[in-house]
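What follows is a single structure, written as structure tokens, with notes after it.
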Amino acid sequence: MARKPPVLLALVAVLALGAAPARAETTTLRLEGPTSVAEGSPGAPRLRVVASRIVRGSGEASATIEVADGDPSDLRTTLGRVVLPAGHFSVTIPLPLVDDDVVEPAKQLVLRIVDPSPGAAVAPEPLTMTVHDDDYEFAVPEVTVREDAGTVVLPLRRGDATRADMTSLRVIGGSADGLSPVGAPVPLPAGDTAPTATLAVANDAVWHGDRRTVLLLNHRRGPAAGIVVHVIDDDPRWTAPWIAPRATFHVGNTLPLRRQLRFAASCDKACLLTADLRLDPGIAGALHVERVVAERSVRLAAGARRSVDLRLDRRALKRLRARGRAAARLVVVASDEHGHDRTVIEHVTLVP
């Protein structure tokens, strides 16, 4: 048998290669990412679209990421179209989770890749992740406690207590006197959907009246982020009446019936002095005016003398002038910072 020349063998090899089918370029896209995320975590979670390419030189591929199951409102924006440039084997995109202030349980979010570009395919497996809620709030709008209770418990509420957290309180209204420690950390243990914050209530022996304090959870918003604490004073009002401030003033038996009445007053210790002019009930009823026709409060330093100006109600002034003379009482109350007060009443006649 005759041997084929080398040139003929080379030609046969070239023809054989040309007859072989071209190798197809295929790109399969799959979605990777965390299976557990928290809506308030620092930095957005990341998704990764990974390509399995048969030929490294495959061209550009694209596909759309969509929500297959779950609540789309958990995302700030739609994920949309993702482009994988030629020669790249992966691309990373942020997951735009909504960080709301709604207390709710953990939810599942299922994402998938659809609508691949020509020449590309998608892996059928979706990405399933659990979105954990990081919100908490007060369970009630206000609490009331007696001063002698020693403590006040503020109930909180969490929708998802998978993870432990921490918060703190601050005062936005009223006074924190008697409540402590207001700014201390408040732990929110994992697994506890009904945690509490406990504050100590000072039980003193001084009457100062009931207190109202508005507390706010730091870094929280919404109406349930605040709570009103009412502390009922259990001390008698006259704990030490002999130490109440004593007011000194002189108005005489008659007062001119004017729009503005003035008299001088002083206290033997720092005080809040409140003065009001009251018509006798029979006269007030006949004139159809309020019983108190003038009122004023001033603060006085110990021993300081100051003018107190009372401005009469215009309607009362007009009708009193038409009447001529009227009997009235000037009631002056001096009180200190602890609520101890002393009342002095002067009977006067208003004269046109």
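For what it's worth, this note's numbering labels the leading residue of the sequence shown as 5, then goes sequentially.
Beta carbons are placed, not taken as given, at the ideal position from N, Cα and C, and that holds for glycine.
Bear in mind the structure is a predicted one, so any value in this text is a computation, not a measurement.
Contact under 7 Å by Cβ, residue i with residue j
i    : j    : result
V107 : G163 : yes
W211 : D238 : no
V335 : D345 : no
E146 : V235 : no
L276 : R303 : yes
L281 : A228 : no
V126 : L51  : no
G226 : D105 : yes
S94  : V41  : no
P38  : P49  : yes
L316 : V296 : no
K111 : V135 : yes
A279 : R250 : no
G44  : D103 : yes
Per DSSP, cross-strand counterpart(s) of residue i
i    : result
E108 : DSSP lists no partner for E108.
D313 : R266
A431 : Because the chain here runs from 5 to 356, residue 431 falls outside it and cannot be looked at.
P191 : M170
A229 : BP columns for A229 are empty, so no partner.
R85  : T68
I117 : I69
I97  : L51
R161 : E141
R80  : Note: R80 sits in no beta bridge, so no partner.
G178 : T217
H212 : Answer by DSSP bridge pairing: none, since H212 is not bridged.
T252 : S270
D280 : E299 and V335
I236 : R150
A330 : L354
Nonlocal neighbours in the same chain, by C-beta distance under 6 Å from residue i, ignoring five residues either side
i    : result
T81  : P100
L265 : L259 and L314
A305 : A274
S311 : R266 and A268
A72  : V114, R116 and P130
F253 : F267 and A269
H92  : none
T132 : V114
L173 : V186 and L219
L83  : I69
S56  : T32
V232 : E146 and V218
L79  : P100
P109 : G163 and D164
Beta-carbon proximity list for residue i, same chain, < 8 Å, skipping 5 on both sides
i    : result
A198 : A143, P159, L160, R161 and R162
V255 : F267, L334, E350 and V352
G154 : A204, V205 and N207
G289 : At G289, the pLDDT of 43 sits below 50, so the modelled position is not reliable; the number obtained from the coordinates is stated separately. For G289, where only same-chain residues beyond five positions count, there are no Cβ hits under 8 Å.
V355 : T258, L259, P260, L261 and R329
A248 : A338, S339, D340, H344, D345 and R346
H223 : T171
L192 : Y140, L160, R162, A165, A168, D169, M170, T171 and P199
Same chain, Cβ closer than 7 Å to residue i, five either side skipped, listed in chain order
i    : result
P25  : Any reading at P25 must be qualified, since the residue scores a pLDDT of 46, below 50, and its modelled position is unreliable; no value is offered.
V157 : T200 and T202
S66  : R85, V86, V87, L88 and S121
G195 : A165
S179 : R215 and T217
A124 : T31, L33, A65 and A67
V348 : A251 and V336
D75  : K111
Terminal residues of the alpha helix (DSSP H) in which residue i lies
i    : result
R319 : R318 to R327
Where the beta strand (DSSP E) containing residue i begins and where it ends
i    : result
E299 : V296 to L304
P260 : T258 to P260
D73  : A65 to D73
R346 : D345 to V355
P46  : Neither: P46 is in no beta strand (DSSP E) and is coded neither H nor E.
H136 : L131 to H136
Closer than 7 Å to chain B by CB, residue i
i    : result
V144 : The chain inventory of the structure shown lacks chain B, comprising one protein chain alone.
Residue i Cβ short of 6 Å to the ligand GDP heavy atom set
i    : result
S184 : The ligand GDP is not part of the structure shown, which contains no ligands of any sort.
Inspect the CB distances between the stretch 177 to 191 and the stretch 122 to 139 and report whether three or more fall short of 8 Å.
no
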